[in-house]
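**Q** Quick one: the structure is below, and I'll ask about it shortly.
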Amino acid sequence: MPVAAKLNWEHEVEEDVHISPYRNFMCPMTKEVMKEPVVVLESSQTYERKAIEYWFERCSENGRYPTCPVTGQVLKTPELKPNIGLAAAIEEWINRNVDVQVNTAVECLREQTLRVDCIEKVLDCIYRISEEHPSNRYKVRNAGDVLLRCSFKIIGTILRTKIITALLSMTKDEESKIGNSVLLGAQRKREYAVKLLLEFSCDKANCVEKGGLVLLSSMAGNQ
Numbered sequence: 001m002p003v004a005a006k007l008n009w010e011h012e013v014e015e016d017v018h019i020s021p022y023r024n025f026m027c028p029m030t031k032e033v034m035k036e037p038v039v040v041l042e043s044s045q046t047y048e049r050k051a052i053e054y055w056f057e058r059c060s061e062n063g064r065y066p067t068c069p070v071t072g073q074v075l076k077t078p079e080l081k082p083n084i085g086l087a088a089a090i091e092e093w094i095n096r097n098v099d100v101q102v103n104t105a106v107e108c109l110r111e112q113t114l115r116v117d118c119i120e121k122v123l124d125c126i127y128r129i130s131e132e133h134p135s136n137r138y139k140v141r142n143a144g145d146v147l148l149r150c151s152f153k154i155i156g157t158i159l160r161t162k163i164i165t166a167l168l169s170m171t172k173d174e175e176s177k178i179g180n181s182v183l184l185g186a187q188r189k190r191e192y193a194v195k196l197l198l199e200f201s202c203d204k205a206n207c208v209e210k211g212g213l214v215l216l217s218s219m220a221g222n223q
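Listed below in structure tokens is the structure:
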């Protein structure tokens with residue numbers, strides 16, 4: 001049974017919090033969790049599609065019959081079939097991991113005594129989740145309120161750029177736009193944005209940050 005690993009940002013026990021994957025989620029060739037698991041029909045072995053297709057291509061280039069990497073069985077045909085059940089299980093595991101990571105990140109950002117280097121790790125985590133799992137971006141946007149609050153604890157530090165990067169990542173699809181009232185109360189949202197705009201206006205480097213001022217101006221003026 002997968003076990004949720006505890007995250008201790010303060011003591012840097014781990015850089016990430018996660019639920020360990022089942023062994024059969026891992027491709028025997030890449031040793032990584034499969035994104036598109038497929039079954040080799042003749043051997044009934046499951047692999048990551050790109051990995052096994054590359055293997056078959058190499059077999060052909062070397063003038064050999066295709067074989068199953070795990071069993072060594074010579075295959076009459078390299079026919080593959082999507083492993084739908086396993087793909088669904090992996091997707092559920094990913095979704096559960098995203099939930100755990102987002103909840104943990106939000107709780108960490110609410111801490112009043114969290115060190116700046118720990119906050120940086122949390123921001124990196126939020127950005128990575130948003131970039132790697134766009135279908136789950138709506139979950140990440142729920143961290144937006146806490147993210148903006150957090151920004152005023154560390155105004156004047158190099159983390160301002162990371163904050164804007166994380167916020168911009170959350171706006172990549174219309175449903176998750178941070179300017180929507182579903183994320184922040186209108187008045188509170190404008191107050192946060194105005195504070196950031198005032199701070200950024202004193203820093204030329206941040207003024208040219210890609211998209212940053214456009215996003216904040218929109219938030220500040222949104223009625």
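Counting in UniProt numbering, the sequence shown runs from 1 upward without gaps.
We put the beta carbon where it would ideally sit given N, CA and C, even for glycine.
As the structure is a prediction and not an experimental result, all values here were calculated from the model.
Excluding sequence positions up to five away, which residues of its chain have a Cβ less than 6 Å from the Cβ of THR46?
**A** PRO37, VAL39, ASN83, listed in sequence order.
**Q** Just list the residues that DSSP pairs THR46 with in beta bridges.
**A** Answer by DSSP bridge pairing, in chain order: VAL39.
**Q** Output the distance between the C-alpha atoms of LEU68 and LYS31, rounded to the nearest integer angstrom.
**A** Going by the sequence as given, residue 68 is Cys instead of Leu. Computed Cα separation, rounded: 16 Å.
**Q** Mapping the DSSP letters down to three states, classify THR67 as helix, strand or coil.
**A** Of the three classes helix, strand and coil, the one that applies to THR67 here is strand, per DSSP.
**Q** Could you tell me which residues DSSP puts in a beta bridge with LEU80?
**A** Paired residues: VAL40.
**Q** I'd like the span of the alpha helix (DSSP H) that includes LEU123, first residue to last.
**A** Note, LEU123: alpha helix (DSSP H), 116 to 132.
**Q** Tell me whether the beta-carbon of PHE56 lies closer than 8 Å to the beta-carbon of PRO28.
**A** For PHE56 and PRO28, no; Cβs fall outside 8 Å.
**Q** Below 8 Å between beta carbons: does that hold for VAL140 and ILE126?
**A** Yes, the pair counts as a contact, with Cβ atoms nearer than the cut-off.
**Q** For VAL74, which beta-bridge partners are listed by DSSP?
**A** Bridge partners of VAL74: THR67.
**Q** Could you round the C-beta distance between LEU75 and ILE52 to whole angstroms and report it? I think they count as a contact, below 8 Å.
**A** Between ILE52 and LEU75 the Cβ distance is about 11 Å, and since that is not below 8 Å, they are no contact.
**Q** Is ILE90 closer than 8 Å to PHE25 when the C-beta atoms are compared?
**A** Yes, Cβ-Cβ distance for PHE25 and ILE90 is below 8 Å.
**Q** For ARG23, report the span of its alpha helix (DSSP H) as first-last.
**A** Where ARG23 is concerned, there is no enclosing alpha helix (DSSP H), given that its DSSP letter is neither H nor E.
**Q** Using CA coordinates, which residue listed in CYS59, LYS35, GLY63 is at the minimum distance from LYS50?
**A** Comparing Cα-Cα distances from LYS50 to each of CYS59, LYS35, GLY63, the minimum goes to LYS35.
**Q** Please go through the same chain and pick out, in chain order, the residues whose beta-carbon is closer than 6 Å to the beta-carbon of GLU48, but skip the five residues on each side of it.
**A** Result list for GLU48: CYS27, THR30, MET34, in chain order.
**Q** For the alpha helix (DSSP H) containing LYS31, list its first residue and its last residue.
**A** Element bounds for LYS31: n/a, residue is neither H nor E.
**Q** Any idea if THR71 is buried or exposed, counting beta-carbon neighbours within 10 angstroms, 16 or more meaning buried?
**A** With fewer than 16 Cβ atoms within 10 Å of its Cβ, THR71 is classed as exposed.
**Q** Could you pull out every residue in the same chain whose Cβ sits closer than 7 Å to the Cβ of ASN95, ignoring the five residues on either side in sequence?
**A** Around ASN95: ASN136.
**Q** Whose CA, out of CYS59, VAL98, CYS108, lies closest to the CA of PRO134?
**A** Comparing Cα-Cα distances from PRO134 to each of CYS59, VAL98, CYS108, the minimum goes to VAL98.
**Q** Give a yes or no on whether the C-beta atoms belonging to residue 254 and VAL116 are separated by under 8 Å.
**A** Residue numbering for the chain in the displayed model covers 1 to 223; residue 254 lies beyond these limits and cannot be assessed.
**Q** Let's test the definition: count the other Cβ atoms within 10 Å of the Cβ of ALA88 and tell me whether it reaches 16, buried, or not, exposed.
**A** It is exposed - the Cβ of ALA88 has fewer than 16 other Cβ atoms within 10 Å.
**Q** Would you say SER169 and GLU131 are within 8 Å of each other, going by their C-beta atoms?
**A** Yes.
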